[in-house]
Every structure is written in structure tokens, then in C-alpha cells.
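Engineer:
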Amino acid sequence: MKMRSIILGYLFFCSVASAQTGKIDSSEIVTLRIDPQTARGAAVSQVFSEVEFIPLETTKESLFGNIHQLKIVDDNYVIFDYDTKAILIFSKDGKFKSKINASNIQPEKNDKNKTEFNSFTVEKENNINYIVVFAHPRAFYFDLTGKQIKKVMIKDYYKQNTSRDFKIANDSTSIRPDFKVKKGKDSTFYELGVINKTDSVGYFPYNIKRYETDEFWGSGERFYKYGVENEMFYLNYYSYNIYKVSPSKLLLAYHIIFPAANSLPNDFTTNPVYVKKRGEYFRNNPKIFYGLSNTYLVGNNLYLKMHNYGWDTGMKKALIYNLKTSELTSVQDLEPDSLSFFLPVTDASGNFYDFINNGFHMYENGYFYTNYSSLAMFTFKEQSEGKTTKYPPSLETYFKTQNKKSNPIIIKLKPKQN
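Residues -19 to -1, 1 to 399 (mature numbering (1 follows the signal peptide of the UniProt record, and there is no 0)) make up the sequence shown, in order.
1. Could you check the C-alpha separation between G22 and E308 for me, to the nearest Å?
2. Is it right to say S311 is buried, meaning 16 or more other beta carbons lie within 10 angstroms of its own, or is it exposed?
3. For S274, which three-state DSSP category applies?
4. What's the gap between the Cα of S348 and the Cα of N188?
5. Given a threshold of 16 other Cβ atoms within 10 Å of its Cβ, counted over all protein chains shown, does P396 qualify as buried or as exposed?
6. Going by the DSSP bridge assignment, what does L69 pair with across the sheet?
7. Of the choices E202, E38 and F121, whose alpha-carbon is the least far from that of H49?
8. What residues are listed by DSSP as bridge partners for H288?
9. According to DSSP, is I391 part of a helix, a strand, or is it coil?
10. Decide if E172 is buried, meaning its Cβ has at least 16 other Cβ atoms within 10 Å, or exposed.
11. Following the continuous alpha helix (DSSP H) through A357, name the residue where it begins and the one where it ends.
12. Straight-line CA distance for V114 to D55?
13. So, are the CB atoms of R119 and V103 less than 8 Å apart?
14. Using 8 Å as the Cβ pair cut-off and three pairs as the minimum, do the region 286 to 304 and the region 12 to 31 touch?
15. What's the gap between the Cα of E212 and the Cα of G3?
16. For I392, count neighbouring Cβ atoms within 10 angstroms of its own Cβ and tell me buried if that reaches 16, exposed if not.
17. Please name the residue, chosen from G272, K230, L231 and V256, that lies closest to Y221 on a Cα-to-Cα basis.
18. Could you give the C-beta distance for Y372 and F322, rounded to a whole number, given that I count them as a contact under 8 Å?
19. Counting pairs of Cβ atoms below 8 Å between the region 194 to 201 and the region 260 to 277, do you hit three or more?
20. Would you mind listing the alpha helix (DSSP H) stretches within the region 3 to 53 that are 4+ residues and don't spill past its ends, in chain order?
21. Considering only residues of the same chain and omitting the five flanking positions on each side of R(-16), which have a CB-CB separation below 7 Å?
22. Give me the DSSP bridge partner(s) of T174.
23. In three-state DSSP terms, what is L232?
24. Which value, in whole angstroms, describes the spacing of the CA atoms of H117 and D314?
25. So, at 6 Å on beta carbons, what are the nonlocal neighbours of N252 in its own chain, with the 5 sequence-adjacent residues on each side left out?
26. R203 by DSSP, collapsed to three states: which one?
27. Here's a check: name, in chain order, each residue in its chain whose Cβ is nearer than 8 Å to the Cβ of residue 401, leaving out the five neighbours to either side.
28. The alpha helix (DSSP H) with N266 in it runs from where to where?
29. Where are the beta strand (DSSP E) runs, 3 residues long or more, that stay fully inside the region 82 to 143, in chain order?
30. On the premise that L320 lies in contact with Q25, defined as a C-beta separation below 8 Å, what is that separation, rounded to the nearest angstrom?
31. Given Y379, which residues of its chain have a CB within under 7 Å of its CB, disregarding the five upstream and five downstream residues?
32. Answer yes or no: do K80 and A67 have a C-beta to C-beta separation smaller than 8 Å?
33. Please classify I5: is it buried, with 16 or more other beta-carbons within 10 angstroms of its beta-carbon, or exposed?
34. With N303 as the anchor, note down where its beta strand (DSSP E) starts and where it stops.
35. Hey, residue 408 and N99 are a contact pair by Cβ (cut 8 Å); roughly how many whole angstroms apart?
36. Decide if A241 is buried, meaning its Cβ has at least 16 other Cβ atoms within 10 Å, or exposed.
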């Protein structure tokens, strides 16, 4: 699998005037020895208690390629498709509502640059949620009908908003990625900051010039909410540690030891021999895991996903580790059963790539959300022919009216706790 290192054209930092450097609490660390290739499969109904397939309505206007970003906003699915550079809004039952793309943005006079955006964020103002897109040098606000509400300069947006922050503890604590602390003319940068009403603490200080002098291979998001109030997971670059962030501390919760064939050298982040040669190292060692993602804790089950350079479908890279029994389950080896209408709940078991690239888009209100293409869905239906005689009404209609070129399907999964 071809992966790309992170290329950062510019970063935006929301700064504070003072903060202290925090000490990581490792008093409760749990070391997990995990050999992914020993993971076994399981029936879908052993892992999940509910499965729902949500076809996304396909029209001439709503047709798109892939789900690169997914959020739930006011009971709507808001999706960004990188291929068409469009944001699409669907109701919770998959009905198309509206679309936002470059044509929704009126060009400025004398602006010769092509308007284009690569993601979106959600900002709440006066208890109303807005979709915000950044098309340099401006930020544009849209409502859920796709109507542009206002526009501001990006530099002014970041002076007023902290949409990159994660709010916990009834919004009284902010977890801020790329935390900046200004002291006179000098600034200190941290991987994350914990900002409370009375104090601010930064963790993992770094030199901002590192992006010019080295390579940083991302493995997805680094912060994950997993349903435990006032906690979230944090992952750092080139590390197999999983941290818990709370209003009071950063806790090193889990340290994972993989087989030597999958592990980074112990001095990978300190030995100058790897500087500016990390991509070369990953290409030459395609079984090495350069990072983690999709870390969620549901009951006793720790979900995690590993990333490597190679595209080896035989490697098991999405796992569920039971902290109570040490049982290791491979997501790609989950067996469809009657709960899933004998359809796979991810496309990881086939020659498709949505789950490999994105994993679970989110875990919200007790449910995981993932997706796969209509090409995958119709392929899986053909493979399961004869195993079931009845699908839910939405799927029955989908199979009768759609085809392999239709819009993707969202899969909503309720994981079991134990």
C-alpha cells in the first residue's frame, strides 16, 4: 500500500500566554504483547449486538466517490469526498439533502486562484452548527442546507475560534493539538495541551522547524473519543504507546510490544541515521508498523489499527484485544452471519480499501461508523447468494434500484462490552 508522509504547507496554532510543561503519569501502565498474526476470526454477532446498513441516496447531484471524512451533525451525515472536492449532507436514513463545493463559493474580485478545499470542520455559534471550509485565505460558513452564511479571513477565524480543540468535562477543559505557548517574542510548541480555567499544561514539546528538517508519517487521527466521560486517547508519532488524556493529567495507559519483524528500532526517533530517510526505511521494511490509529476502548475490548508501508492483505492490521481474557480478534476475519444479513461489516476481508484507509470513522453514542463502496456491497451480495432470503426494507430497495456504481454505504455497528 502506498502511503504518503505528512506535508505541512502551514499550521495554525491557537496560543496561550503561559503554561507549564506536564509530566506524564506512567504509574498505571499496562504492557500488552500482541502478535497480530495470531488473531482469530469471530462471528459478527459475537462482536456486535446491532448492525445497520445505510445506503446513501444516489442522484445526479449527490453522486460521489469515497468517504474521506464523516461527521454526524444534528442527526445528519456530513461527508467530505476528496475526489470531487465536495461536502455532501444526508439525513440519518441516507436521504440526500444538500451539497457544498467550489461553485457555492463566490470568487473575490481579482482573485485568480482556483477555489478549493480539502476538508471541513464544524463550528457552533449561538447554538447553531455550521459547516466551515477553508479556502485560503478565507474561511466560509455554511448551514446544513448548503447555504453560505458568512466568510472571514482565516487568520481572524483562528483568533476567535478553537474548533480544533476537543471539549471534555462539560466543556470546561480543552484538549488542544499543536499547543502553542507564547513568552514574549519566544514560543514553545507542544504536541498537545490541556487547558483548564485555572491553568494550562503542555506535553511533548517540539521544535517547529522539525517539519522542515525531518519526515513525519501520519497514521490517521491522533485523538480518539471512546465514550468514557472526560477521557480520550492520544497517539504520538512513531510510537506504540496509547495515552489517556483527562482534565488533570496525561496517563501512559498502554505500551504495546509487537514482534520484532513489525517493530520500529528502539532508537528510531533519536538516531540521526533515520532523519530524512524514514520513508526510505519504511519502503525497505514494509512489514514495520510506523504508527497506530483507531484506538477505542469499549468495555474490556481495546480496538486498534496498525499502519505499514506495504499492501499485504495477509497481514492482520485491525485488531480487538480483550483486556480481561487476552483474546485477540482480527477485524478482517469477522464472519458475516444472520445479524449482518450474511454481509461483511467492513470491506477489510475483500480486495477493497475503505477500511484499510480509514478504519472506523468514529465512535459516537455507543456506535462505530464505517463504510464501503457499492462495488464492494454488490460483490459481497453475490458471494452470499442463498444464505439469506430477506433483507431490511432499505437494503431491499437499494439492491433493486442501485448498482455497483452507486454511492457508498455507511455501516453502523454497536459493539459488545465484554
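Ideal Cβ placement from N, Cα and C applies to all residues, glycine included.
Structural biologist: Taking the coordinates as given:
1. Taking the straight line from one Cα to the other gives about 11 Å.
2. With a 10 Å radius around the Cβ and a threshold of 16 neighbouring Cβ atoms, S311 comes out buried.
3. If DSSP states are grouped into helix, strand and coil, S274 belongs with the strands.
4. Just to set this straight, residue 348 is Tyr in the shown sequence, not Ser. When only Cα atoms are considered, Y348 and N188 end up about 38 Å apart.
5. Buried, by the Cβ-count rule.
6. For L69, which the question treats as bridged, DSSP gives the partners I60 and K80.
7. Closest by alpha carbon: E202.
8. Beta-bridge analysis with DSSP links H288 to G272.
9. For I391, the secondary structure class from DSSP, reduced to helix, strand or coil, is strand.
10. E172 is buried by the Cβ-count criterion.
11. Looking at the DSSP string, the run of the alpha helix (DSSP H) that includes A357 is S355 to Q364.
12. CA-to-CA, the gap between V114 and D55 works out to about 18 Å.
13. Between R119 and V103, the C-beta spacing is not below 8 Å.
14. Counting Cβ pairs under 8 Å, three or more are found: they touch.
15. Near 17 Å, if we compare the C-alpha coordinates of G3 and E212.
16. I392 is buried by the Cβ-count criterion.
17. The candidate whose alpha carbon is nearest that of Y221 is G272.
18. Rounded, the Cβ-Cβ distance is 5 Å, consistent with contact.
19. Yes, the region 194 to 201 touches the region 260 to 277.
20. The region 3 to 53 contains, as complete alpha helix (DSSP H) runs of 4+ residues, the segments 25 to 28 (chain order).
21. Because the pLDDT of R(-16) is 40, which lies under 50, any placement of that residue in the model is unreliable, and the question is left without a value.
22. Note that residue 174 is Gly in the sequence shown, not Thr. G174 pairs with R157 and G183.
23. In the structure shown, L232 sits in a strand (DSSP, three-state: E or B).
24. Rounded to whole angstroms, H117 to D314 spans 43 Å at the Cα level.
25. Excluding sequence neighbours, N252 sits near nothing in its chain.
26. Correct three-state label for R203: coil.
27. Past the boundaries of the shown model lies residue 401; the chain is included only from -19 to 399, so the question cannot be answered.
28. No residue range can be given for N266, since it is assigned to no alpha helix (DSSP H) and is classified by DSSP as neither H nor E.
29. Segments of the beta strand (DSSP E) lying fully in the region 82 to 143: 102 to 106, 109 to 116, 119 to 123 and 129 to 134.
30. It should be pointed out that residue 25 corresponds to Val in this sequence rather than to Gln. With a Cβ gap of about 5 Å, V25 and L320 count as contacting.
31. If we look at Y379 and ignore the five residues flanking it on each side, its Cβ neighbours are P36.
32. Going by beta carbons, K80 and A67 fall inside the 8 Å limit.
33. Exposed, since its Cβ has fewer than 16 Cβ neighbours within 10 Å.
34. Where N303 is concerned, the enclosing beta strand (DSSP E) stretches over A299 to N303.
35. Beyond the ends of the chain as shown, which are -19 and 399, falls residue 408; an answer cannot be given.
36. Exposed, since its Cβ has fewer than 16 Cβ neighbours within 10 Å.
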